[in-house]
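These notes are about the structure you will find just below.
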Amino acid sequence: MNKSFTQTFTVSGNNFSDAGKISTEIKMILKQLGINSDIVRRVAIASYESEMNVVMYACKAKIVLDVDPEVIKIIVEDEGPGIPDIELTMKEGYSTATPEMRELGFGAGMGLPNIKKNSDEFTIKSDVGKGTRLEIIVYIN
Amino acid sequence: MKLSEIKSKLDLVSRCGEDYLEQEITGGYCGDLLSDVMANSKQGNVWITIQVHLNIVAVATLKELTAIILVNGRKPNEDTLKKAIEENIPILTSKLSAFELSGKLYALGIGNI
Ligand SMILES: Nc1ncnc2c1ncn2[C@@H]1O[C@H](COP(=O)(O)OP(=O)(O)O)[C@@H](O)[C@H]1O
Ligand SMILES: [Mg+2]
Chain A
61 MNKSFTQTFT VSGNNFSDAG KISTEIKMIL KQLGINSDIV RRVAIASYES EMNVVMYACK
121 AKIVLDVDPE VIKIIVEDEG PGIPDIELTM KEGYSTATPE MRELGFGAGM GLPNIKKNSD
181 EFTIKSDVGK GTRLEIIVYI N
Chain B
50 MKLSEIKSKL DLVSRCGEDY LEQEITGGYC GDLLSDVMAN SKQGNVWITI QVHLNIVAVA
110 TLKELTAIIL VNGRKPNEDT LKKAIEENIP ILTSKLSAFE LSGKLYALGI GNI
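If you're matching them up, the sequences are chains A and B in order.
According to the numbering used here, the first sequence holds residues 61 to 201 in order.
According to the numbering used here, the second sequence holds residues 50 to 162 in order.
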């Protein structure tokens, strides 16, 4: 089966009313490509948490979805404050979310750990003052 | 058990999604932290929460939850309802607390698997 597919999306920071829209689109595309529902669910969690982090912490981002017969790859590249201490932000429970965000149920500090948990390969790179880049890979088989 | 049966047995008020009340429920999840619900709820669950803002709809859509039940007498925001109607997610409300409602769901035989 040939499941090759690429699409680029953009997300704007602070746009809470559209938050989750790109992840919903990605999920629909993967379903239409006939990808196994457990895999779709894992990708949906990883892409939602990445999208939310852009909305909460960055100015804007480009999200590239790349599907080939073996893997699903999602690259999230944002322009934003970047992350000074990646090891610390990867710890479950660590969050710099504002009190307003926490009141809405954001800021559990579970986003990055759950992205990692749901990926087969995960890399995060950040330049303080410039932005952050996530690469999420999920194997199809 | 179907959503419509829970609605009548537990006196839930339907706020939107009346056309989707005949769906079967696979269990429930209770939580107000969106990442927690994202990580731990299961497809077909009802989601019990006090969060009423529109971001709950994306979580329910992505996790394919059967319905959102708002507790403690909370009502959905206007834009939450609008989004839920677009995404075909039923929202119901209850005067009970999350604890009381979960207990009643268990008593009806709906426990998380
Ligand atoms: N794209 C990003 N740009 C800048 N900081 C980020 C970004 N993503 C995550 N962070 C930082 O990492 C922390 C942990 O993120 P995460 O695990 O998703 O939890 P939460 O979003 O609930 O705080 C955030 O609170 C924030 O300080
Ligand atoms: Mg996060």
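Glycine residues also receive a C-beta, built at the ideal position from the N, C-alpha and C atoms.
This structure is a prediction, so every number in the text was calculated from the model and none was measured.
Residues of chain A with a CB under 8 Å from the CB of Q100(B): which are they?
Numbered from 1 along the second sequence, position 51 holds the residue referred to as residue 100(B). Ordered by position in chain A, the residues that pass the 8 Å Cβ test against Q100(B) are L164 and G165.
If we call anything under 9 Å between Cβ atoms a contact, is H102(B) one with D81(B)?
Locating residue 102(B) in the second sequence gives position 53, where the first residue counts as 1. Locating residue 81(B) in the second sequence gives position 32, where the first residue counts as 1. Judged by their CB atoms, H102(B) and D81(B) are not nearer to each other than the 9 Å cut-off.
Using only the alpha-carbon positions, how far apart do I89(A) and I135(A) sit?
Locating residue 89(A) in the first sequence gives position 29, where the first residue counts as 1. Locating residue 135(A) in the first sequence gives position 75, where the first residue counts as 1. One C-alpha to the other measures close to 16 Å.
Any idea what DSSP makes of T68(A), helix, strand or coil?
Here residue 68(A) is taken as the residue at index 8 of the first sequence, counted from 1. Strand at T68(A).
Comparing C-alpha positions only, which one of I132(A), Q67(A), I86(A) and I146(A) sits nearest to V188(A)?
As a working note, residue 188(A) is residue 128 in the first sequence. Answer by Cα proximity: I146(A).
Find out if the Cβ-Cβ distance for the pair D60(B), K132(B) is shorter than 9 Å.
Against the second sequence, residue 60(B) aligns to sequence position 11. Against the second sequence, residue 132(B) aligns to sequence position 83. Cβ atoms of D60(B) and K132(B): not closer than 9 Å.
Quick one, are the C-beta atoms of P139(B) and L52(B) less than 9 Å apart?
For this step, residue 139(B) is matched to residue 90 along the second sequence. For this step, residue 52(B) is matched to residue 3 along the second sequence. Yes.
Please indicate yes or no: does the CB of G189(A) lie closer than 8 Å to some heavy atom of ligand 1?
For the purposes of this step, residue 189(A) is taken as residue 129 along the first sequence, with counting starting at 1. In this structure, G189(A) has its CB at a distance of at least 8 Å from all heavy atoms of ligand 1.
Out of E163(A), E85(A) and T149(A), point me to the one whose CA is closest to N113(A)'s CA.
To locate residue 113(A), count along the first sequence from 1; it is residue 53. Taking only the C-alpha atoms, the option nearest N113(A) is T149(A).
For the region 69 to 91 of chain A, which residues have a beta carbon sitting closer than 7 Å to at least one beta carbon of chain B?
From the region 69 to 91 of chain A, only F76, S77, A79, G80, S83, T84 and K87 have a Cβ closer than 7 Å to chain B.
Quick one: residues in its chain with C-beta nearer than 6 Å to the C-beta of T66(A), no 5 flanking neighbours on either side, listed in chain order?
Position 6 of the first sequence holds residue 66(A). Excluding residues within five positions, the ones whose Cβ falls inside 6 Å are D126.
What in chain A is Cβ-close to S84(B), meaning under 7 Å?
For the purposes of this step, residue 84(B) is taken as residue 35 along the second sequence, with counting starting at 1. Within chain A, the residues near S84(B) are E109, A168, M170, G171 and N174.
Spatial distance of N75(A) from V115(A) (CA atoms):
Sequence index remark: in the first sequence, residue 75(A) carries index 15 (1-based). Sequence index remark: in the first sequence, residue 115(A) carries index 55 (1-based). Separation of N75(A) and V115(A) (C-alpha to C-alpha, rounded to the nearest whole angstrom) is 6 Å.
Please determine, among V131(A), T192(A) and A121(A), the residue with the shortest C-alpha to C-alpha distance to P144(A).
For the purposes of this step, residue 144(A) is taken as the residue at position 84 of the first sequence. Nearest of V131(A), T192(A) and A121(A) to P144(A), Cα basis: T192(A).
Taking the alpha carbon of S107(A) as the point to measure from, which residue in L93(A), R162(A), T84(A) and S64(A) has its own alpha carbon closest?
Position 47 of the first sequence, counted from the start, is the residue given in the question as residue 107(A). For S107(A), the nearest C-alpha among the options comes from T84(A).
In chain order, what residues of the same chain lie with their CB nearer than 8 Å to the CB of N126(B), ignoring the 5 residues before and after it?
Stepping through the second sequence from its first residue, residue 126(B) is reached at position 77. Cβ within range, chain order: V101, H102 and L103.
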